[in-house]
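Residues 1 to 269 in UniProt numbering are what the sequence shown lists, from first letter to last. Glycine included, C-beta positions come from ideal geometry on N, C-alpha and C. The structure under discussion appears below in the form of structure tokens.
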Amino acid sequence: MAADSLDQDVLRYSRQIILDGFGKDGQEKLKTARVLVIGAGGLGSPALYYLAAAGVSNIGIVDFDTITLSNLNRQILHFTEDLGKKKTDSAEKKLLNLNPGLNIEKYHDRLNIDNIEEVISNYDVIIDATDNFPVRYLISDCCYFNGKPLIEGAAVGFDGILMTIIPGQTPCYRCLYPEPPQNGVMPTCSDSGILGMVTGVIGSLQALEAVKVITGMGQTVSGRLLIFDALRSSFREVNWPKRDHCPLCGDEPKIRELVEYEIKCKVKL
Ligand SMILES: [Zn+2]
1 MAADSLDQDV LRYSRQIILD GFGKDGQEKL KTARVLVIGA GGLGSPALYY LAAAGVSNIG
61 IVDFDTITLS NLNRQILHFT EDLGKKKTDS AEKKLLNLNP GLNIEKYHDR LNIDNIEEVI
121 SNYDVIIDAT DNFPVRYLIS DCCYFNGKPL IEGAAVGFDG ILMTIIPGQT PCYRCLYPEP
181 PQNGVMPTCS DSGILGMVTG VIGSLQALEA VKVITGMGQT VSGRLLIFDA LRSSFREVNW
241 PKRDHCPLCG DEPKIRELVE YEIKCKVKL
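Quick look at the structure:
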């Protein structure tokens, strides 16, 4: 690397390099890490911005969707001028404006049982920034089978949750939620309200968790579920132990390969 660009990097990341326990080593780890963010929406926007700003140089973005007006209260990677564009393209443009040195790989695809393994296998850490249960189970099972650390986040209404899963070391997603909800239990997906700041908080925390997994700094939220209550501006933790009879990581697992679910939301009356 040319001396000039090395100097620029030191300057760009100087405020984090001087942190105790981070240093040039931490920066180098971010530079070589490969992080996949699945979903470039409400959670993915802040997660991607902060990863890019921090110098996570190899970033994959998965999103099959295009931008609509009702996305813009929370999906801050996308601007009014981007309406109708692919979210992956819009995200890439903003992130390269912020940090031109990034390598960004775009996947304008819907992840499914046939393609997910190939996509995930290219990355060291996976951030699940999706908004529906079928893909959430697919991602968590696939990360477990492939030994990939997974940062789960979700936000609905005024509430958000966060959990970090390290396969083989921590409880898995199915230790907490063994099976997906029944058809018709979940609210109508497209009608769920959401305040942008809630996805902002959870998406930022997902990026923070990824940085901790990559650098080894601090403690992740594995083995505990972090719950954010936006109306009280408070966090609480729920203990999340490993379940002996977990269908995925338990003593006698019944799930031994990827499963694709179809879960219907509650029908709008
Ligand atoms: Zn488990």
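Considering only Phe-228, Pro-178, Ala-210, Trp-240, the residue with the shortest C-alpha distance to Val-259 is Pro-178.
Contact annotation, Gly-203 with Ala-129: C-beta distance approximately 6 Å; criterion of less than 8 Å satisfied. Look at Leu-162 here: in three-state DSSP terms it is strand. Contact between the segment 74-85 and the segment 232-249 is not established, with fewer than three Cβ pairs separated by less than 8 Å. Our two residues, Val-35 and Asp-124, have alpha carbons roughly 6 Å apart in a direct line.
Two segments are said to touch when three or more pairs of C-beta atoms, one from each, lie closer than 8 Å; by this definition the segment 65-76 touches the segment 27-47. The criterion of a C-beta distance shorter than 8 Å is not satisfied by Thr-164 and Glu-105. Distance from the CA atom of Phe-22 to the CA atom of Thr-215, rounded to whole angstroms, is 7 Å. If you ignore the 5 residues before and after Ala-53, its C-beta comes within less than 8 Å of the C-beta of Leu-98, Asn-99, all in its own chain and listed in chain order.
In the displayed model, Phe-145 falls within a helix according to three-state DSSP.
The secondary-structure analysis by DSSP pairs Phe-235 across a beta bridge with Phe-228.
With respect to Asp-131, Gly-39 sits close: the two C-beta atoms are nearer than 8 Å. Judged by pairs of C-beta atoms under 8 Å, the segment 148-161 touches the segment 225-235, as three or more such pairs exist. Going by beta carbons, Ile-61 and Tyr-107 fall inside the 8 Å limit. For secondary structure counted as the alpha helix (DSSP H) over 4 or more consecutive residues, the segment 4-60 holds these complete runs in sequence order: 14-17, 23-32, 44-54. Residues with their Cβ less than 7 Å from any non-hydrogen atom of ligand 1, running along the chain, are Pro-171, Cys-172, Arg-174, Cys-175, Lys-242, Arg-243, Cys-246, Leu-248, Cys-249, Gly-250. Setting aside the 5 residues that flank it on each side, Leu-69 is surrounded in the same chain by Leu-83, each with a C-beta closer than 7 Å to its C-beta; the list follows chain order. Counted as a single uninterrupted DSSP element, the beta strand (DSSP E) harbouring Asp-128 occupies residues 125-128. Residues of the same chain with a CB within less than 7 Å of the CB of Val-135, apart from the 5 flanking positions on each side, are Leu-111 in chain order.
In terms of Cβ geometry, Gly-26 and Ser-57 do not form a close pair [threshold 8 Å]. Put simply, of Gly-153, Phe-133, Ile-116, Ala-155 the residue whose alpha carbon is nearest the alpha carbon of Phe-145 is Ile-116. In the structure shown, Thr-80 falls within a helical segment according to DSSP collapsed to helix, strand and coil. Minimum Cα-Cα distance from Gly-55 among the listed residues Glu-28, Cys-142, Leu-19 corresponds to Glu-28.
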